[in-house]
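Numbering that gives the first Met the number 0 numbers the first residue of the sequence shown as 0 and each following residue consecutively.
Note that beta-carbon positions come from the ideal geometry of N, C-alpha and C, so glycine has one too.
It should be emphasised that the depicted structure is a prediction, and the values quoted were computed from it without experimental measurement.
Here is the structure we will look at, set down as structure tokens.
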Amino acid sequence: MTDWLFLFEVTLAGIGSGGLYALAGLAFVIVYKATRVVNLAIGEMLMMGAYIFFAFASGLQWPIWLAVVLAIFCSGVMGGVIERLAIRPMLGESPISVFMVTVGLGSIMVGLVELIWTADQRRLPEFMPAEPIFLGEAFISSKVFYGFWIAVALVAIVVAIFRYWRGGVALRATASDQGAAYSMGINVPRVFSLAWVTSAALAAVAGIVVGAIGGLSSSMGIFGLSVLVVVIVGGLDSVVGALLAGLLIGVLEAWASAYLGGEYKLLVTFIVLVVVLMLRPYGLFGTREIERL
């Protein structure tokens, strides 16, 4: 007999994880839509945001709210510096060259974390309510519950900003046609920087929440593998695809871990990836013109 309560609890946990995948996937898609760069270092950027927060909150013992603000700010600056020094000089080069630059950036970030904080696991200070959450009789971890709603709120804010704010309109115009954006007077290089700054800031928030749930380590970048699956399944240039695929992958991973074992979690997600690519090589919501590496 199926334990429906257990299935419901596992599904809720998967939805909670999926919200974080969707947030990190949104950070990935923003960069890809604006610059056509496949940023494989998204998991390491997420990790860096979490460690910067750890430095302020635990190392310096600053208030949590201030540590969060500074972590987001510093991560945004990091994203702008990466775009200006590592990505912009690669404009016009082959996609595989830019792709490999992001791989190298990820390795550099891991090295910096291990050099400064070592490879030992660390815990973030508790900053979320610890009271258990029940939906009917189903239990859900308070950190997963609040993390999900943080992700939902941030995604809604970002989507609204990029729909109505002038900078968001410029980003969408650049994503549609860079040549036309230039002809309309849009500063395309500045839009590139805006995309990387925004992406790094979003990754920092996701990293803080992921770190609060599972702790910090230099291997946090593995989270980026699931994020990469999410954006490919949803469509590299689709915001809606990233959001929906994030929830889908989160639920599938939760089911696989609960019923098959944790070692099968990534196996199931990559099976989904292969099936989707065989049926729709451009993703569930991506455009057909996308060039694959």
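| message | Run through the DSSP bridge pairs and tell me what PHE133 is partnered with. | response | For the purposes of this step, residue 133 is taken as the residue at position 134 of the sequence shown. Paired residues: PHE138.
| query | Given 8 Å as the limit, is there contact between the region 201-218 and the region 89-101, that is, 3 or more CB pairs closer than that? | reply | No, the region 201-218 does not touch the region 89-101.
| field | For LEU366, the nearest candidate out of LEU278, TYR263, ALA244 (CA to CA) | value | With the chain covering 0 to 292 only, the question about residue 366 has no answer from this structure.
| request: Compare the C-alpha of GLU136 against each of PRO280, GLY282, VAL275, TRP3 and name the closest. | output: Looking up residue 136 in the sequence shown gives position 137. Minimum Cα distance to GLU136 is reached at TRP3.
| Going by C-alpha distance, which of MET46, GLU8, THR10, VAL9 is nearest LEU224? | Against the sequence shown, residue 224 aligns to sequence position 225. The shortest Cα separation from LEU224 among MET46, GLU8, THR10, VAL9 belongs to MET46.
| Would DSSP call ARG121 helix, strand or coil? | Residue 121 sits at position 122 when you count from the first residue of the sequence shown. The answer is strand: DSSP assigns ARG121 an E or B state.
| request: To the nearest angstrom, report how far apart THR312 and GLY110 are at their CA atoms. | output: The structure shown does not extend to residue 312, since the chain spans only 0 to 292, so no value can be given for it.
| Can you name, in chain order, every residue of its own chain whose Cβ lies under 7 Å from the Cβ of SER256, other than the five neighbours on each side? | Stepping through the sequence shown from its first residue, residue 256 is reached at position 257. LYS264.
| message | Cutting at 6 Å between CB atoms, please list the residues of its own chain near ILE139, excluding the five before and the five after it. | response | Translated into positions along the sequence shown, residue 139 becomes position 140. Hits under 6 Å: LEU11, ILE132.
| Cα-Cα separation, ILE231 to VAL250 | On the sequence shown, residue 231 is found 232 positions in, with the first residue counted as 1. On the sequence shown, residue 250 is found 251 positions in, with the first residue counted as 1. Distance between the alpha carbons of ILE231 and VAL250: 17 Å.
| query | Are the C-beta of GLY48 and some C-beta of chain C separated by less than 9 Å? | reply | You won't find chain C in this structure, because it holds only one protein chain.
| request: State the Cα-Cα distance for the pair VAL229 and ARG122, rounded to the nearest angstrom. | output: One-based indexing of the sequence shown puts residue 229 at position 230. One-based indexing of the sequence shown puts residue 122 at position 123. Whole-angstrom Cα-Cα distance: 27 Å.
| query | What residues in its chain sit with their C-beta under 7 Å from that of MET89, if we drop five residues either side in the sequence? | reply | Walking along the sequence shown from the start, residue 89 turns up at place 90. Within the same chain, MET89 has close Cβ partners SER96, VAL97, VAL100.
| Integer-rounded CB distance, given that ALA200 should sit under 8 Å from GLY75 | By 1-based counting over the sequence shown, the position of residue 75 is 76. By 1-based counting over the sequence shown, the position of residue 200 is 201. 4 Å between Cβ atoms; contact.
| field | Beta bridge counterpart(s) of LEU215 as assigned by DSSP | value | Position 216 of the sequence shown holds residue 215. Bridge partners of LEU215: ARG121.
| Start and end of the alpha helix (DSSP H) containing TYR281? | Walking along the sequence shown from the start, residue 281 turns up at place 282. Looking at the DSSP string, TYR281 is not in any alpha helix (DSSP H), and its letter there is neither H nor E.
| query | Short check: CB of VAL226 to CB of GLY42, under 9 Å? | reply | Numbered from its first residue, the sequence shown carries residue 226 at position 227. Numbered from its first residue, the sequence shown carries residue 42 at position 43. Closer than 9 Å, so yes.
| Is there contact between the region 47-66 and the region 196-210, where contact requires at least three CB pairs shorter than 8 Å? | Judged by Cβ distances under 8 Å, the region 47-66 makes contact with the region 196-210, as three or more pairs qualify.
| Run of the alpha helix (DSSP H) containing VAL28, from where it starts to where it stops | In the sequence shown, counting from the first residue as 1, residue 28 sits at position 29. Annotation: the continuous alpha helix (DSSP H) that includes VAL28 extends over 3-34.
| query | Could you give the uninterrupted runs of the alpha helix (DSSP H) lying entirely in the region 49-97, keeping only those of 4 residues or more? | reply | 63-81
| DSSP-derived helix/strand/coil call for ILE185 | On the sequence shown, position 186 is the one that residue 185 refers to. Note: ILE185 maps to coil in three-state DSSP.
| message | Once the 5 residues before and after PRO128 are set aside, which same chain residues still bring their CB inside 8 Å of it? | response | Against the sequence shown, residue 128 aligns to sequence position 129. Excluding sequence neighbours, PRO128 sits near SER141, TYR145.
| query | So what does DSSP say about SER192, is it helix, strand or coil? | reply | For the purposes of this step, residue 192 is identified with residue 193 of the sequence shown, where counting begins at 1. Three-state result, SER192: helix.
| request: Starting from TYR258, trace the alpha helix (DSSP H) both ways and give me its first and last residue. | output: Within the sequence shown, numbered from 1, the residue matching residue 258 stands at position 259. Looking at the DSSP string, the run of the alpha helix (DSSP H) that includes TYR258 is 238-258.
| query | Shortest alpha-carbon distance to SER237 belongs to which of LEU272, ARG171, LEU266, ILE270? | reply | Start at 1 with the first residue of the sequence shown, and residue 237 comes out as number 238. Among LEU272, ARG171, LEU266, ILE270, the Cα nearest to that of SER237 belongs to ARG171.
| said: According to DSSP, is TRP148 part of a helix, a strand, or is it coil? | reply: Here residue 148 refers to the residue found at position 149 of the sequence shown. Helix, per DSSP.
| query | Hey, out of LEU19, ILE270, PHE53, whose CA is closest to VAL143's CA? | reply | One-based indexing of the sequence shown puts residue 143 at position 144. The shortest Cα separation from VAL143 among LEU19, ILE270, PHE53 belongs to LEU19.
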